[in-house]
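Start counting the sequence shown at 19; every next residue gets the next number (the numbering used here). A short worksheet on the structure shown next.
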Amino acid sequence: MTATMPKAPTLPAPRGPISEAVLSALRGNRPESPAVDGSPPYGEDLQLALYCCYEPHYRGFDGVDADLEWDPALLTIRAELEGAFLGALRADVPAGADVESELGELLVEHVDAFGVSHHLRRQGELWQLREYVALRSLYHLKEADPQTFVIPRLDGPPKAALVTVQHDEYGAGDPERAHSKLFADMMAELGLCEAYGAYLDSAPAEMLAEVNFMSLCGLHRGLRGALIGQFATVELTSSPGSDRLVKAMRRLGCGPAAIRFYAEHVEADAVHEQLVRREVIVPLLSAEPELAPDVVFGIRGSTFLAARLEERLLRHWNRGESSFRSGMDGRRP
Ligand SMILES: [Fe+2]
Ligand SMILES: [Fe+2]
19 MTATMPKAPT LPAPRGPISE AVLSALRGNR PESPAVDGSP PYGEDLQLAL YCCYEPHYRG
79 FDGVDADLEW DPALLTIRAE LEGAFLGALR ADVPAGADVE SELGELLVEH VDAFGVSHHL
139 RRQGELWQLR EYVALRSLYH LKEADPQTFV IPRLDGPPKA ALVTVQHDEY GAGDPERAHS
199 KLFADMMAEL GLCEAYGAYL DSAPAEMLAE VNFMSLCGLH RGLRGALIGQ FATVELTSSP
259 GSDRLVKAMR RLGCGPAAIR FYAEHVEADA VHEQLVRREV IVPLLSAEPE LAPDVVFGIR
319 GSTFLAARLE ERLLRHWNRG ESSFRSGMDG RRP
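Written out as C-alpha cells, the structure is:
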C-alpha cells in the first residue's frame, strides 16, 4: 500500500497589503513588491506574509506551483521581510555570548513563574486547552522539520547527536510514533481538526512569529548557531511544561491519545536535554566558538517570542475571550 501525502492546506486570507502581495504571487500573478518599511515587524500582515513565503519549503499550499519555492521575486520579498523581523528581534533581545549560563537559566523553574501550562494545570478550562493545542498545531504538525534544515550545515559530533534527537522526533522508524502524528492524534481526540494548516487563519501573529523564527534560522546557514539555540530552548524547557500539560489533561478528563503527546515529551525531552547540551552544543562551540553569540540570540529570541504568545493567550483568557484571531474558537469545534 502506498501512503499518499495528504492534501496541502488552502491559502489563508490576507491580513494587509504585504500578505496580499505574497498571496497574489503564490496564486501565480506577477509579484509586486509591497512596501515593507513601516509595517510592524511582529504584526499580523508581515508575519502572515513571511509564513506564506516559508510554507512552500514544507508542504506548500493547495493549487500553488511547487516551483514557486525558488521564485526569485518571492525570495526577494522574503529577504526584506526577514530583514525587518530579524532587525526587530536583534534590537529587542540583549546580546550575550555566555551559552553555559544561558542554558543554566533555562533550566531554572522560577517559583513564581506563571505561564500557559501553569494556568492550564491549575484552573484552565477545556476550551482554553483546545485553543492552545489548535494554535500550537502550526508548529507541531511539522514538528522537527524546521530544525532538520540545519543538519547539512553541521559536521561531526554535533551533527550525529542532533540527528539522534531528530530520529526520536520522527518516531524512531515508526511513523505512528512520530511526534507530529502523536500531536495529530491528540487533536483528533480533543475534537479538533488535525489537517495540516487547518488553523492558519485563526492563528495570531504571535504564533506565526514563533514558527517563522524557526524557519528563518533553519533556512539560513549563517543563522545555524541561532537555530541550535532555538532547538536547545525547546528541548531544555519542554519536560516540565509537558508534565504540567499532562496534569491539566488528566484534570480535565481528556482521553489517552490526548495525554500521550505531552507524556511522551516528559520522558523524551529529559533525554534530549542532555544530548543537546553535552553532545550538540559543547562540540559545536569547541569547533566554532564564534557561534556563541548567535546561540544566545537563538535562546533569547525564541524565549522572547514564546513569552509574547503566552501573554496574548493569558490576556484573552483572563477576559473570558478566545485568543484566536478569527473564525472558530476552542469553545465551538
Ligand atoms: Fe518532540
Ligand atoms: Fe525533543
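In this text, a Cβ means the ideal position worked out from N, Cα and C, and glycines have one as well.
Close beta carbons around T321, own chain, < 7 Å, minus the five adjacent residues each side: T251
Segment limits, alpha helix (DSSP H) that includes W335: 310-336
Cβ contact (3+ pairs, closer than 8 Å) linking the segment 263-274 and the segment 75-91: no
Other residues of its chain near G46: CB distance less than 7 Å, five sequence neighbours each side excluded: D83
Pair within 9 Å by beta-carbon distance, A223 and G61: yes
Pairwise C-alpha distance: S135 and D116: 28 Å
Contact under 9 Å by Cβ, I95 with V40: Yes, they are a contact pair.
Span separating the alpha-carbon of A97 from that of P90: 10 Å
Any alpha helix (DSSP H) of 4 or more consecutive residues that is wholly inside the segment 214-280: 223-237, 242-269
Distance between P30 and I36 (C-alpha atoms, nearest Å): 13 Å
Any non-hydrogen atom of ligand 2 within 8 Å of H185 CB: Result no, Cβ not under 8 Å from ligand 2.
As assigned by DSSP and simplified to three states, the class of Q184: helix
Exposed unless 16 or more other CB atoms sit within 10 angstroms - verdict on N336: exposed
Rounded C-alpha distance that separates E149 from F342: 7 Å
Heavy atom of ligand 2 within 8 Å of A31 beta-carbon: no
Nearest-angstrom Cβ-Cβ length linking K367 and S198, presumed shorter than 8 Å: The structure shown has nothing for residue 367, since the chain only spans 19 to 351.
Y157 vs P27 beta-carbon contact at 9 Å: In this structure, P27 does not lie closer than 9 Å to Y157 by Cβ.
Under 9 Å between C-beta atoms of A67 and P49: no
Segments assigned alpha helix (DSSP H), at least 4 residues, entirely inside the segment 85-141: 90-110, 117-125, 134-140
Reduced DSSP secondary structure (H/G/I, E/B, other) of G348: Unreliable positioning characterises G348 in this predicted model, as indicated by a pLDDT of 48, which lies under 50. The coordinate reading is nonetheless provided below. Three-state result, G348: coil.
Inter-residue spacing [alpha-carbon to alpha-carbon] between A43 and E228: 24 Å
Burial state of Q146, where buried means 16 or more other Cβ atoms lie within 10 Å: buried
Whether Q395 touches L153 by CB criterion (9 Å): Within the shown structure, residues of the chain are numbered from 19 to 351, placing residue 395 beyond reach of any answer.
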